[in-house]
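Peer 1:
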Amino acid sequence: MATHLLSVSNLSAGTEDKPILHGIDLTVGEGECHVLMGPNGAGKSTLGHVIMGDPAYSVTGGTITFDGTDVTELSADRRSLAGIFLSYQAPVEVPGVPLYSFLRTICQMRPELKTTARKFRQRVGEIADQLELDQSFLMRELNVGFSGGEKKKIEMLQLLLLRPKLAILDETDSGLDVDALGIVSRGIEAYREQCGGALIVITHNTRILERLTVDRTHVMVSGRMVTEGPADLIEFIDRNGFESFEKDARRGEKDESCVDCPGCPKAGDAE
Amino acid sequence: MSAERSAAEAASEQAQSRTRTQVADVDRSLYDFTKSEEGYERYDDGLTPDIVRSISAKKDEPDWMLEMRLAALEEYHRRPMAPNWGPSIAGLDLDHISTYVSPKTKQAKSWDDVPEDIKDTFERLGIPEAERESLAGVGAQYDSEIVYHNMREDVAKQGVVYTTIEDALHDPQWEPVVHQYFGTLIPPTDHKFAALHYAVWSGGSFVYVPAGVTLDYPLQSYFRLNAAGAGQFEHTLIIVEPGANLHFIEGCSAPKYYEANLHAGAVELFVKDGARLRYSTIENWSKNMYNLNTKRATVGADAKMEWVSGSFGSHVSYLYPTTIMAGDRSSCEFTGITFAGATQDLDTGCKVIMNGADTTASVDTKSISKDGGVNTFRSSVVVGRHADRARCSVSCQSLMLDDISRSDTIPAMDVRNATAQVGHEATIGRISDDTILYLMSRGCSEAEARTLVVNGFANPVSKELPLEYAVEMNNLIKMEMEGAIG
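Heads up: the protein sequence lines correspond to chains U and F, in order.
Residues 1102 to 1372 (the working numbering) make up the first sequence, in order.
Residues 3 to 488 (the working numbering) make up the second sequence, in order.
#1: Taking the C-alpha atoms as reference points, what is the distance between F1221 of chain U and L1263 of chain U?
#2: Could you have a look at S1248 of chain U and say whether DSSP puts it in helix, strand or coil?
#3: From the DSSP output, in three-state form, read off W176 of chain F for me.
#4: Please classify F225 of chain F: is it buried, with 16 or more other beta-carbons within 10 angstroms of its beta-carbon, or exposed?
#5: Checking contacts by CB at 8 Å: is S1181 of chain U closer than that to chain F?
#6: Please confirm if the region 190-199 of chain F is in contact with the region 126-140 of chain F, defined as three or more CB-CB distances below 8 Å between the two stretches.
#7: Counting only beta-carbon separations shorter than 8 Å, does I1207 of chain U have a partner in chain F?
#8: Does any residue of chain F have a CB that is nearer than 8 Å to the CB of Y1189 of chain U?
#9: Taking 8 Å as the CB-CB limit, is R1211 of chain U close to chain F?
#10: Exposed or buried, H388 of chain F, counting other C-beta atoms within 10 Å across all chains shown (16 or more means buried)?
#11: Y150 of chain F by DSSP, collapsed to three states: which one?
#12: Less than 8 Å between the beta carbons of D349 of chain F and G88 of chain F, yes or no?
#13: Given E1311 of chain U, which residues of its chain have a CB within under 8 Å of its CB, disregarding the five upstream and five downstream residues?
#14: Could you round the C-beta distance between S1188 of chain U and L1260 of chain U to whole angstroms and report it? I think they count as a contact, below 8 Å.
#15: On the DSSP bridge list, what partners appear for W309 of chain F?
#16: So, helix, strand or coil for G1226 of chain U, using DSSP?
#17: Go ahead and label K480 of chain F buried or exposed: buried means 16 or more other beta carbons lie within 10 angstroms of its beta carbon, across all protein chains shown.
#18: Considering C352 of chain F, what are the terminal residues of the beta strand (DSSP E) in which it resides?
#19: Since L454 of chain F meets chain U, which of its residues come closer than 8 Å, beta carbon to beta carbon?
#20: Can you name the residues that DSSP bridges to D366 of chain F?
#21: Any chance you could list the alpha helix (DSSP H) runs of at least 4 consecutive residues sitting entirely within the region 186-272 of chain F, in chain order?
#22: Would DSSP call G1115 of chain U helix, strand or coil?
#23: With a threshold of 8 Å between beta carbons, is T437 of chain F in contact with chain U?
#24: If the cut is a Cβ gap below 7 Å, which residues of chain F does A1299 of chain U touch?
#25: Comparing alpha-carbon positions, which option in F:A196, F:H265, F:S447, F:I240 lies nearest L228 of chain F?
#26: On the DSSP bridge list, what partners appear for M402 of chain F?
#27: Report the start-end ranges of each alpha helix (DSSP H) in the region 30-108 of chain F that is 4 residues or longer and not cut off at the edges.
#28: Let me check one thing: in DSSP terms, what residues is K297 of chain F bridge-paired to?
#29: Using a Cβ-Cβ cut-off of 8 Å (strictly less than) and excluding sequence neighbours within five positions of K465 of chain F, which residues of its own chain qualify?
#30: I want to see whether chain F comes within less than 8 Å of D1168 of chain U, judged by CB atoms only; does it?
#31: With a threshold of 8 Å between beta carbons, is N228 of chain F in contact with chain U?
#32: To which residues of the same chain is H98 of chain F closer than 7 Å at the C-beta, ignoring the five residues directly before and after it?
#33: Can you list the residues of chain F that Q1295 of chain U reaches, using a CB-CB cut of under 7 Å?
#34: Does DSSP classify D416 of chain F as helix, strand or coil?
#35: Compute the Euclidean distance between the alpha carbons of G1142 of chain U and A451 of chain F, then round it to the nearest angstrom.
#36: For A283 of chain F and D1168 of chain U, what's the separation of their Cα atoms in angstroms?
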């Protein structure tokens, strides 16, 4: 078994007036690919943001350990430099900041990625080609006026440049047409191959997973992890939706009737 | 394919320069150092006809100039002190401001002839370096007098004149020209501080560009006020003859003192038919400065006036560069940014007076307020009766960095021609938490993230500046964001 890269242990978090996450446990080993699914409002994005260190949420209990260090109290920039990456559902527009110089800045601040201007230009060019991103985009302001698909490609561009140890992709596939989805999937594949990084893919759409070898699947409902299992849990969800999980969540934690779910630890067939 | 490559190369070049801007070590003592005034000639504080006569006598001026000074002094005393519409200038006590302070040196043509401590000042500000690399001529004023003035020979051969007003007044060829233009665009009766300016003005620049001459490189005047409790009253007079083209850069800074300093300069710009003038300013006065400056341009037919203005310093500013669009089809672009931090109350903006037909003007300003700083954008657009089809757009964007700062927009429009089109838009925004999180999750510290956003906000202005000044402006923003300069 791979050593633990990320360990979320009994994590509870929420906004000032509203608790959202309740006692979440999640373990991701180095280079593993995990899928996080669940109905709308289950708290999947919140979990991604809390792992990244979004100050909009405060942790009320539990710990987040990354690469052997307790990062629960660290700010987002420290977590980023440690190797955590979050790709946003809706990347923000930053007017007046040229994309290329932004990319250069965020690479130069990492000792392991520091390089000459020439090599950097070459590297960015290669990745842009790979993502079928016209290089004229590099001259434009960060995300300003980009379409949804273009913004996601810019997120992939940063992912491939920064080579994080763990990438959390928050509905990176939403709003993409088939072609863009293919390009983004290939980008994720490239990240796995080139960087050997671990992944947490938050998604509603199983198409993005077709090209990925999934190690574990987790299901969240109402701020709780309700089940986890191997890759074929995805197929079950594809066929049956989240209804049974939601029913279980409503019935309470001690319910033992979810024998239908393959991989459910409560069904007794866990690893 | 080649277009792609060149785009990527250009991106990289830009990135290199930007990166340099991002990582450049900011020397916090860059502006905030003082030099001894020992041995300087310093006139008594306050304002009397005797002081005005001594300034005039020292400069050995023509009689008309002395008369103009004395009349202006009377005008100054006649007018009431406090305006009732802008930031308070109650801290300004003119009885305790020295109107004339001169270092004991003669104007030099070589930096080697400039006294060591003054030369050191300008070297720290990067002026000789900029002169070598990218300027056609430089004038450097230290307190009340120009200490260095030089222009490239090839530019002089084209008939361009770049000198001090004092020297022009001693030149039989140029004295009548100064007499003809001086004080006609901004009359001493314009307002109280214009009157003060004409009573005690000293130093500044006289520029004459003959018809059809285009200067490939800018001219730059740098104004440094070193003396505590003193005033600087330089006069800039620029005449750009028909079809000529000039970029003039004005830089200003001063160290910080506890006593109030006053800057009341006047800038008169004459842009003749078909000519073009770009006037760029980066102003970083110290935060004890009252900056009551007056700038005005008159623009002939088919001529173009471009203002680029960055205001960072001063305790109080009243600054509204004015463009009088006298000629048909004349155009004016005003691009400005004002950054107000703690203890600063900056009332800035511009005025456009459109008198010619088919004139176009665009005003694009930005303001940033932080740590309780107050920004007021004030614009005045006047479209005269004969300005058929005149078009003017005014855009004002404000960025507030916290809840204790303030930003106001006061646009005035007086349109007297039914065919004119005048538009105004104003937005006030904050840096969103989402933006900060986004940048931080890519590795930027919170301070870096904020600086990045503010630099981005200022980018439309800084890209109008020559590279070195854009770098300086970004450094100023960085220092302001770090609260490094007082």
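No residue lacks a Cβ here, since even glycine has one placed at the ideal position from N, Cα and C.
In this text the structure is predicted, and so the values were computed from the model without any measurement.
Peer 2: Well, looking at it:
#1: Their Cα atoms are separated by approximately 12 Å.
#2: The answer is coil: DSSP assigns S1248 of chain U none of H, G, I, E or B.
#3: Three-state result, W176 of chain F: coil.
#4: Around the beta carbon of F225 of chain F, 16 or more other beta carbons lie within 10 angstroms, which makes this residue buried.
#5: By this cut-off, S1181 of chain U is an interface position.
#6: Segments in contact, no.
#7: Closer than 8 Å to the CB of I1207 of chain U there is at least one CB belonging to chain F.
#8: It does: the Cβ of Y1189 of chain U has a partner Cβ on chain F nearer than 8 Å.
#9: With 8 Å as the cut-off, R1211 of chain U counts as an interface residue toward chain F.
#10: When all chains shown are included, H388 of chain F counts as exposed.
#11: The three-state secondary structure of Y150 of chain F, taken from DSSP, is strand.
#12: Yes, Cβ-Cβ distance for D349 of chain F and G88 of chain F is below 8 Å.
#13: Counting only Cβ-Cβ distances below 8 Å, and skipping sequence neighbours, we find S1286.
#14: Indeed, because the Cβ distance is near 6 Å, the residues count as touching under 8 Å.
#15: Looking at the DSSP assignment, W309 of chain F forms a beta bridge with F:Y281, F:F336.
#16: Of the three classes helix, strand and coil, the one that applies to G1226 of chain U here is helix, per DSSP.
#17: When all chains shown are included, K480 of chain F counts as buried.
#18: Segment 347-356, the beta strand (DSSP E) holding C352 of chain F.
#19: Within 8 Å Cβ-Cβ: V1195, V1198, F1203, T1206.
#20: DSSP output for D366 of chain F lists F:T337, F:S397 as bridge partner(s).
#21: Taking only runs of at least 4 residues, the alpha helix (DSSP H) segments lying wholly in the region 186-272 of chain F are 194-202.
#22: G1115 of chain U falls in the strand class under three-state DSSP.
#23: True, the Cβ-Cβ gap to chain U drops below 8 Å.
#24: What A1299 of chain U touches in chain F, judged by beta-carbon distance under 7 Å, is nothing: the nearest beta carbon there is about 17 Å away.
#25: According to the sequence provided, residue 228 of chain F is Asn. The question's Leu does not apply to it. The candidate whose alpha carbon is nearest that of N228 of chain F is F:H265.
#26: In the DSSP output, where bridge partners are listed per residue, M402 of chain F has F:S371, F:R432.
#27: Here the runs fully enclosed are 51-60, 65-80.
#28: F:V269.
#29: Closer than 8 Å at the Cβ level, and outside the excluded window around K465 of chain F, lie A472.
#30: So, not an interface residue.
#31: Chain U contact via Cβ: absent.
#32: Answer for H98 of chain F: D47, G231, listed in chain order.
#33: Chain-order list of chain F residues neighbouring Q1295 of chain U: empty, with the shortest C-beta distance near 19 Å, by a criterion of under 7 Å.
#34: In the structure shown, the three-state DSSP call for D416 of chain F is strand.
#35: G1142 of chain U and A451 of chain F: Cα-Cα distance of roughly 30 Å.
#36: First, the amino acid is wrong: residue 283 of chain F is Thr here, not Ala. Going by the C-alpha atoms only, they are around 51 Å apart.
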